[in-house]
Amino acid sequence: MKLRWLIPIAVLFPMRLYASDAAVGARVTIITINPGEVTLLHLRPEFESTIRMPDEITSVILGSPGTFKAEHSEAEPNFVYIKPITREPAQSNLLIATRSGQHVTLELISEGAGTNAGDAPVDFLIEYRASRSFLISSDPATPVISKPIETGRRSASAGGQIDSVSTPLSALDEEFVQQKLINAPKWTKWDKQEIETSIGDVRQWNNETVVSYSVCNDSAQPVEIVPPQIQMTGHKATKKRKKEGRGIIANQLEIRDYRLSTTRLEPGARADGVVVFDRPNFKQSTEKLFLQLAQANQVDRPVLIRLPFTPPLSTGHQ
């Protein structure tokens, strides 16, 4: 009687070992950083994938901590380790930022531990590299697994695949991305300030003005910056015989929209931004236009960057 039970067990035991030893389609990929792309990261339960950045990582943001686990340690500042913590199929996103101001976006895809999961590839290592050129551009010869940013609605087709409706970046987001791609801005130092600044494009969109800029923490301590403001200053008209002189007036212009990569800057870190504001159609000869940037701990002492009243660049559409 015991022999009859031992025969099926003896047959099933080797079959289980054979299934667990099935080969995994492991991949190692090298990608040039491009903030305008989303990298697909294929994961598998019981396997851990590694992401390596070219410089020290300052923040890791995981979209779904309930289905994926991301680990980052100061002992290994350039690495992030990611794996699924559920055996069911799952999707999420992961955002990584570095000390130099670079950032990447990943879409996490886990096929789960089902019978068909063995056919899906697994990305064991994704190594990001900084571009060697002034502007970062994608290299078609590099074996990347990235794709353009996709937004809009998503629907599952009958075959279980995800169909995406892609929407191009807005003009404001394009300006923001271009400013972040500048590797070596020309910095301006300011007296008694812990931050340095750099102005990028100043562009006109119909009746609006767009200004791109960057801020760098030149101190040994973390600093926090506030959102940008636009200021118009001029002299208040007075009678000539009045000896007190002319007073200075300052008006804040309305800001339509802005982008700012971060408000907290570690020592040596950089923030990039774009601001859109309504520029008046005319001004007095004594009035001047300024981009106002300030630290959170001294908003009463802002940095005032002179802007041209008529932008040197013009774009007819937004």
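Under my numbering, think of the first position of the sequence shown as 118, with each following residue one higher. Quick reminder that beta carbons are idealized off the backbone N, C-alpha and C, glycines included.
(1) In the DSSP assignment, what are the bridge partners of N368?
(2) Measure the alpha-carbon distance for F407 versus L421 and round it to whole angstroms.
(3) Could you tell me which uninterrupted beta strand (DSSP E) segments, each at least 3 residues in length, are contained entirely in the stretch 206-241, listed from first to last along the chain?
(4) Classify N414: buried if its beta carbon has 16 or more other beta carbons within 10 angstroms, exposed otherwise.
(5) Assuming the contact rule is C-beta atoms closer than 8 Å, N150 and Q208 should be a hit. Round their C-beta distance to whole Å, please.
(6) Please return the same chain residues whose Cβ sits closer than 7 Å to the Cβ of V221, not counting the five positions on each side in sequence.
(7) Can you tell me the Cβ-Cβ gap for T314 and L430, rounded? I've got them flagged as a contact below 8 Å.
(8) DSSP state of Q338, grouped into three classes?
(9) Who are the near neighbours of L343 in its chain, counting only those whose CB is closer than 6 Å to its CB and skipping five residues on each side?
(10) Assuming K200 and F241 make a contact with CB atoms under 8 Å, what is their CB distance in whole Å?
(11) Excluding sequence positions up to five away, which residues of its chain have a Cβ less than 6 Å from the Cβ of S378?
(12) For A386, which residues from the same chain have a beta carbon less than 8 Å from its beta carbon, with the 5 sequence-adjacent residues on both sides left out?
(13) Starting from the Cα of Q321, find the closest Cα among Q348, P182, V392, M170 and give me that residue.
(14) Nearest to P206 by CA position, among T184, Q346, E224, P384, is which residue?
(15) Keeping to the same chain, check which residues put their C-beta closer than 7 Å to that of S336; ignore five residues upstream and five downstream.
(16) Determine the burial state of L292: buried for a count of at least 16 other Cβ atoms within 10 Å of its Cβ, exposed for fewer.
(17) Terminal residues of the continuous alpha helix (DSSP H) containing E292?
(18) Can you tell me the Cα-Cα spacing of A187 and L382, whole angstroms?
(19) Express the C-alpha separation of I316 and L295 in angstroms, rounding to a whole number.
(20) What would DSSP say about D172, mapped onto helix, strand or coil?
(21) Should I148 be labelled buried (16 or more other beta-carbon atoms within 10 Å of its own) or exposed?
(22) Would you kindly work out how many angstroms separate the C-alpha atoms of I178 and N210, rounded to a whole number?
(23) Have a look at the DSSP bridge pairing and note the partners of P201.
(24) Where does S402 sit, in a helix, a strand or coil, going by DSSP?
In terms of the structure at hand:
(1) M349
(2) 6 Å
(3) 207-215, 220-227
(4) exposed
(5) The amino acid occupying residue 150 in the given sequence is Ile; Asn does not appear at that position. Not a contact, Cβ separation roughly 23 Å.
(6) I150, T156, I213, Y245
(7) T314 to L430, Cβ: 19 Å. No contact.
(8) coil
(9) At residue 343 the sequence reads Val, which differs from the Leu that was named. So the list reads A411, A413, once near-sequence residues are dropped.
(10) About 11 Å; that fails the 8 Å criterion.
(11) A388, D389
(12) T175, R216, S217, G218, C333, N334, T379
(13) V392
(14) T184
(15) E311, P384
(16) Note that residue 292 is Glu in the sequence shown here, rather than Leu. Result: buried.
(17) 288-297
(18) 23 Å
(19) Position check: residue 295 holds Gln in this sequence, whereas Leu was assumed. Cα to Cα, the separation comes out at about 12 Å.
(20) coil
(21) buried
(22) 8 Å
(23) F185
(24) coil
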